[in-house]
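Peer 1:
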Amino acid sequence: MLNVGVIIKLEPDFSEGNVSYNSDGTLNRAETKNILGPHSAIACNAAFYCKVKYGARISIGTMGPPIAESALKQAQVLTDAEELNLYSDRLFAGADTLATAEVLKNGVEKMFGADKMDIVFSGHRASDGETGQTGPQTAWKLGYTFLGNVMDFDIDLDRKVIVAKRLISLQGMDTIIEEIECPLPVFITIDPSYKSAFSTVSQRLGANKYSKQGRKKSENYAQFLKTYDSQKLDLDPKLVGLPGSPTIVYRVERIPRAKTNRKTAIIDPSNPDNLTPVVTKIIEIARGK
Amino acid sequence: MEQFDVAIVGGGSAGLSALKKLSDLNKSAILIEAGDKIGTKNVSGGILYSKNDPTGRIFNVEDVFGEDFESSAPIERLIKKYYLHATSGNKIFTMDLTPLHEYKTNFGFSVLLNRLNPWFAERASESAEKQGGGIITGVHVSDIQWIENKTIVRTNELEDFQVKSIIAADGINSEVAEITSARSKFNPEEVYFGVKVIIKLPEKIIEERFHLDSSEGSAHLLAGDITLNHVGGGFLYTNRETLSLGAVYHYNSLLSNPVAPAQLVDELIKNPLVSEYIKDEVPTRGENDDLSKEDQLKVQLSVSKLIKTYNDLRYKYFSKNNGGLIESGRFNNTEEIKSRIDSIKQDLTEKYGTKFVNNYVELEYSAKLIPDGKRCVMKRPYYNNVLFIGDAAGRGIFIGPKIEGINVGIDDAVRASIAVSRSIEKNNFDSDYLGNYFQSMINESPYTRQMIKIDEGYLSLFLDLVKDISFSSANPGFEFGLRMMKNKRFRETALRLANILGYKRILPIIESERAYVKVPMQLADKLGKVVTSSYTPEIPALSERIAKLQYNDDTEPHITVNDKRSEFMKKLILLCPTKCYSLEGKDVMLQHEGCVECGTCSIGTRWRHPKGEKGIRYRYG
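Sequences listed follow chains A and B, in order.
Residue numbering for the first sequence follows the numbering used here, starting at 13 and increasing by one per position.
Residue numbering for the second sequence follows the numbering used here, starting at 2 and increasing by one per position.
Written out as structure tokens, the structure is:
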């Protein structure tokens with residue numbers, strides 16, 4: 013059996029109508045609705061694919077305040093996970109990506125009662141942080157092979173080997189898809205273009221069965237939830253939270269507003285004559301004037 | 002290659018019933034449906050009947066899905082009254098045909114298939130999963146091949162798989178039928194064409210207007226000048242908080258006298274009886290000419306929001322238990338809801354100049370071909386190890402006011418399931434063993450008999466119902482015929498003769514313009530009452546109707562025109578219900594994007610269903 017871990021993040025819901033701002037234009041985190049991050053959801057889909065195709069068992073982990081439970085619940089709907097882990101401690105506050113990776117590393121090592129993991133998935137970045145460093149740093153700390161931007165993969169269960177397609181772009185070159193074969197365990201950050209392809213009838217039936225099961229399990233998600241503080245994770249307080257974060261936020265600058273020179277004119281379409289200047293303008297632009 | 006016992010193609014009422022029944026017989030089956038969800042491709046009139054017949058067993062919906070069907074399924078209303086309205090201008094003559102509706106009937110519910118079929122699917126997949134089967138949506142079966150005694154199913158989306166037998170429940174435009182060449186495509190003389198709109202009307206208003214008790218409903222058929230001289234008629238069924246209003250005509254009759262399908266519905270809507278039935282108080286935006294364009298946009302936005310709140314509250318206020326508004330704690334009592342609605346209405350009227358006028362609210366426009374079982378029922382509903390059921394097998398009962406389709410499909414499904422189950426047990430899928438047995442089971446069905454022979458009991462009842470109508474003033478010839486038929490001995494002889502001649506020969510007499518247009522008009526003229534409507538309904542243009550539909554467009558068309566210059570295709574320019582065809586030079590060109598997959602053009606085209614998840618997505622059905 014394949015042991016699969018997924019690292020997820022609770023993020024503000026940036027979809028229309030759900031974002032709330034403070035009067036100075038910064039995000040009002042208390043008022044903004046939180047959801048399972050969109051990239052985390054894709055990582056969940058990849059893990060679910062492993063469950064359907066290879067019969068994997070899934071453990072989900074997240075670092076965050078107690079409300080991050082809701083992200084774990086949503087992830088369970090997507091993955092039918094056997095285990096939900098919340099890494100939560102006041103000591104973790106103010107962590108940068110490196111200090112977060114320290115927590116997640118110890119978290120992953122405790123998944124399934126410290127059974128050996130085969131694959132750990134994470135999103136390729138968060139929608140509210142966007143540095144894309146947490147995944148690779150966790151992989152490095154775990155000592156797993158790191159595969160970034162994976163769009164597709166296949167696992168040879170007997171040989172314990174994964175063949176993955178990754179999207180890479182090198183400066184001055186077109187996008188390249190690289191195919192890599194490497195032994196498990198691996199840490200994968202999943203590319204946003206990833207789509208689970210269930211290509212056989214059995215896989216589709218399996219997907220139906222597990223997603224139904226996942227929805228049902230998530231109704232009692234607390235049964236599957238384990239909460240870890242820094243002690244339970246055997247963490248060195250110096251390596252987590254603010255003390256463990258080498259990043260210094262020196263100054264925050266707001267993104268300057270782009271200068272616009274657009275002018276809007278509303279044209280009344282009821283009078284066709286009003287359209288003449290519009291057409292003239294389009295012709296002018298087309299002729300490159 | 003993966004192997005399975007049974008594949009059911011198509012997740013309509015018949016396919017789902019087959020899955021449920023087979024699973025209950027402890028057999029594993031998979032159902033393949035092209036739509037992204039169950040129900041999104043299904044349309045019906047529609048009334049779902051449960052029937053009984055002393056001459057043979059009928060397998061009803063409750064036999065398949067459980068005795069709690071009535072209490073658990075999302076049915077609309079129990080149809081208690083059944084009327085036929087003869088129309089001529091503003092004159093309407095109404096006949097109560099309730100006894101015909103009750104004839105051999107346990108119950109008849111109005112249904113919306115996009116509500117009912119997902120419920121069927123839930124029950125069916127629950128049973129199927131226990132047997133290792135289930136439902137797969139978004140997959141389109143594109144081919145079936147028989148190679149060295151193996152039956153291989155090919156789809157656009159999944160790897161090929163092998164099965165021991167197939168139940169084809171893929172509707173009137175069955176691709177399985179075409180792939181297997183088990184039957185040729187249905188001809189225009191073998192099918193009806195139906196077009197329908199769903200109209201929104203608050204629950205309690207429906208009950209008050211149609212004089213109904215809660216959860217009970219009525220059905221109304223219309224014939225006469227509303228047919229625009231076609232063989233067929235209109236129907237109006239009450240649902241819980243909507244009305245199904247539609248027109249069903251013989252395709253042949255439409256071909257000889259082409260009329261745009263939308264116009265057939267419009268004609269019904271314009272009829273004063275119908276306009277009064279569908280009437281509602283509808284908010285219409287006022288003009289704000291004195292404001293700047295930008296401000297007008299802002300006002301429009303707030304008006305839209307207010308109207309939405311108003312409508313939501315009003316529909317809930319007029320529904321059972323006030324739509325849970327009090328239960329949820331949002332309001333303390335009905336008066337509070339009423340006063341909130343009134344205050345929004347006042348705001349809208351006074352601040353924004355919104356007018357509240359009599360009109361009607363259309364939710365969904367749909368179209369469908371319907372098999373005329375009398376003419377197109379498959380003589381041999383099987384090919385090799387493939388069994389055909391429901392619409393795919395051309396099975397439906399449409400005789401005057403007798404309109405049954407879904408229940409026939411369910412009965413077929415049970416018979417197919419029993420036959421397939423027997424084959425699995427003996428591991429014998431030869432057509433001699435499976436197909437013949439299925440054929441004999443189908444022949445035992447009272448429905449099959451009704452598609453071949455006139456039911457004397459039904460006819461006698463009909464004659465009893467019309468015996469008191471004085472036709473003499475309306476149509477002396479008709480009255481003479483009816484009087485003759487009232488004589489038992491004459492009737493018996495006539496029926497014997499008719500049944501010897503068979504439906505095909507006598508149908509042109511029964512199903513004629515005279516019976517569906519002229520006699521009803523004469524009746525309405527002579528005996529009808531004048532009905533007036535208090536308003537003129539604002540009928541949406543076809544483009545607005547199509548704009549309300551949901552599609553998942555495929556970049557490739559699923560239809561290819563055979564002969565772009567044929568007379569048939571030229572007629573489709575008018576007859577396609579969503580105007581997918583237009584003339585460019587001398588060629589008829591297809592624009593498949595608005596297609597509702599009715600199959601009206603199928604006889605002149607290479608017609609396929611769209612690939613998995615693509616195409617129309619009905620919300621009501």
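Note that CB positions come from ideal geometry on N, CA and C, so glycine has one too.
Which residue comes first and which comes last in the alpha helix (DSSP H) that contains cysteine 56/A?
Peer 2: Counting along the chain, the alpha helix (DSSP H) containing cysteine 56/A begins and ends at 50-66.
Peer 1: I'd like the ranges of any beta strand (DSSP E) spanning at least 3 consecutive residues and lying wholly in the segment 347-433 of chain B.
Peer 2: The segment 347-433 of chain B contains these whole beta strand (DSSP E) runs: 356-360, 362-372, 387-389, 398-400, 403-405.
Peer 1: Kindly list the residues whose CB is nearer than 7 Å to the CB of lysine 52/B, restricted to its own chain and excluding five residues on each side of it in sequence; keep chain order.
Peer 2: Correct list, in chain order: Ile59, Asn61, Lys105, Thr106, Asn107, Asn408.
Peer 1: On the three-pair Cβ rule with 8 Å, is the segment 49-56 of chain A touching the segment 200-217 of chain A?
Peer 2: The segment 49-56 of chain A vs the segment 200-217 of chain A: in contact.
Peer 1: Going by beta-carbon coordinates alone, are phenylalanine 199/A and alanine 151/A separated by less than 8 Å?
Peer 2: It is a contact, given that the beta carbons lie within the stated cut-off.
Peer 1: With a 10 Å radius around its C-beta and 16 neighbouring C-beta atoms as the bar for buried, classify serine 134/A as buried or exposed.
Peer 2: Buried is the call here.
Peer 1: Under three-state DSSP, which class holds tyrosine 459/B?
Peer 2: Note: tyrosine 459/B maps to helix in three-state DSSP.
Peer 1: Can you tell me where the alpha helix (DSSP H) holding asparagine 115/B begins and where it ends?
Peer 2: Its alpha helix (DSSP H) spans residues 114-131.
Peer 1: Can you name, in chain order, every residue of its own chain whose Cβ lies under 7 Å from the Cβ of leucine 159/B, other than the five neighbours on each side?
Peer 2: Excluding sequence neighbours, leucine 159/B sits near Val140.
Peer 1: Leaving aside the five residues before and after glutamate 405/B along the sequence, list all residues of the same chain whose C-beta is less than 6 Å from its C-beta, in chain order.
Peer 2: Cβ neighbours of glutamate 405/B beyond the five flanking positions: Tyr50, Ile398.
Peer 1: Taking only beta carbons into account, state which residues of the segment 23-41 of chain B come closer than 8 Å to chain A, listed in chain order.
Peer 2: Within the segment 23-41 of chain B, the residues whose Cβ lies closer than 8 Å to some Cβ of chain A are Ile31, listed in chain order.
Peer 1: Since lysine 82/B and glycine 529/B are thought to touch, with beta carbons under 8 Å apart, how far apart are those beta carbons, to the nearest angstrom?
Peer 2: At roughly 19 Å, the Cβ-Cβ gap does not stay under 8 Å, so lysine 82/B and glycine 529/B are not in contact.
Peer 1: Hey, quick one: how far does the beta strand (DSSP E) through proline 284/B stretch, first residue to last?
Peer 2: Taken as a continuous stretch (DSSP letters only), the beta strand (DSSP E) holding proline 284/B covers 281-285.
Peer 1: Give the DSSP-derived three-state secondary structure of glutamate 268/B in the structure shown.
Peer 2: In this structure, glutamate 268/B counts as helix in the three-state DSSP scheme.
Peer 1: 8 Å is my cut-off, CB to CB: does serine 257/A come that close to chain B?
Peer 2: With 8 Å as the cut-off, serine 257/A does not count as an interface residue toward chain B.
Peer 1: Between Ser71/A, Thr109/A, Ala138/A, which lies nearest to asparagine 97/A when the distance is taken from Cα to Cα?
Peer 2: Checking every option, the nearest Cα to that of asparagine 97/A belongs to Ser71/A.
Peer 1: By the three-class DSSP mapping on this structure, what secondary structure does phenylalanine 124/A have?
Peer 2: Phenylalanine 124/A falls in the helix class under three-state DSSP.
Peer 1: Give me the residue from Cys581/B, Ala495/B, Glu568/B, His593/B with the minimum Cα distance to leucine 256/B.
Peer 2: The shortest Cα separation from leucine 256/B among Cys581/B, Ala495/B, Glu568/B, His593/B belongs to Glu568/B.
Peer 1: Taking 8 Å as the CB-CB cut-off, is glycine 1/B touching chain A?
Peer 2: As shown, chain B starts at 2 and ends at 622. That puts residue 1/B outside it, with no answer to give.
Peer 1: Going by C-alpha to C-alpha distance, which of Ala74/B, Val142/B, Leu113/B, Val164/B sits closest to aspartate 6/B?
Peer 2: Comparing Cα-Cα distances from aspartate 6/B to each of Ala74/B, Val142/B, Leu113/B, Val164/B, the minimum goes to Val164/B.
Peer 1: Could you please tell me which residues of the segment 145-177 of chain B, in chain order, have their CB closer than 7 Å to any CB of chain A?
Peer 2: Those would be Leu159, Glu160, Phe162, in chain order.
Peer 1: So who's on the other strand from histidine 251/B, going by DSSP bridges?
Peer 2: In the DSSP output, where bridge partners are listed per residue, histidine 251/B has Tyr193/B.
Peer 1: In chain A, which residues lie less than 8 Å from isoleucine 137/B when you measure between Cβ atoms?
Peer 2: In chain order: Val213, Arg216, Leu217, Asn220.
Peer 1: Is isoleucine 278/A close to chain B, meaning its C-beta is less than 8 Å from at least one C-beta of that chain?
Peer 2: So yes, isoleucine 278/A belongs to the interface.
Peer 1: Could one say the Cβ of glutamate 282/B lies closer than 8 Å to chain A's Cβ atoms, at least one of them?
Peer 2: It does not; no Cβ of chain A falls within 8 Å.
Peer 1: Going by Cα to Cα distance, which pick from Ile419/B, Ala263/B, Gly391/B, Ser303/B is closest to cysteine 577/B?
Peer 2: Comparing Cα positions, the closest option is Ala263/B.
Peer 1: Going by beta carbon distance, what residues of the same chain come within less than 6 Å of leucine 254/A, once the five residues before and after it are set aside?
Peer 2: Once the five neighbours on either side are set aside, the close Cβ partners of leucine 254/A are Gly106.
Peer 1: Quick one: what does DSSP say glutamine 243/A is sitting in, helix, strand or coil?
Peer 2: Three-state DSSP puts glutamine 243/A in coil, outside helix and strand.
Peer 1: Decide yes or no for the touch test of the segment 63-79 of chain B against the segment 602-622 of chain B: beta carbon pairs closer than 8 Å, at least 3 of them.
Peer 2: At 8 Å Cβ cutoff, the stretches do not touch.
Peer 1: Consider the Cβ of glutamate 130/B: report whether some Cβ of chain A lies at a distance smaller than 8 Å.
Peer 2: It does; some Cβ of chain A falls within 8 Å.
Peer 1: Are the segment 219-236 of chain B and the segment 301-310 of chain B touching by the rule of at least three beta carbon pairs closer than 8 Å?
Peer 2: Output reads no: the segment 301-310 of chain B does not touch the segment 219-236 of chain B.
Peer 1: Can you find a CB in chain A that lies within less than 8 Å of the CB of lysine 468/B?
Peer 2: Closer than 8 Å: no.
Peer 1: Quick one: complete beta strand (DSSP E) runs, 3+ long, within the segment 100-180 of chain A?
Peer 2: Whole beta strand (DSSP E) segments, 3+ residues: 131-135, 157-168.
Peer 1: Are valine 64/A and alanine 234/A touching if we call contact CB-CB under 8 Å?
Peer 2: Not closer than 8 Å, so no.
Peer 1: Residues of chain A with a CB under 9 Å from the CB of lysine 294/B: which are they?
Peer 2: Within 9 Å Cβ-Cβ: Ile278, Asp280.
Peer 1: Between Thr112/A, Gln215/A, Lys85/A, Val31/A, which has its C-alpha nearest lysine 250/A's C-alpha?
Peer 2: Checking every option, the nearest Cα to that of lysine 250/A belongs to Thr112/A.
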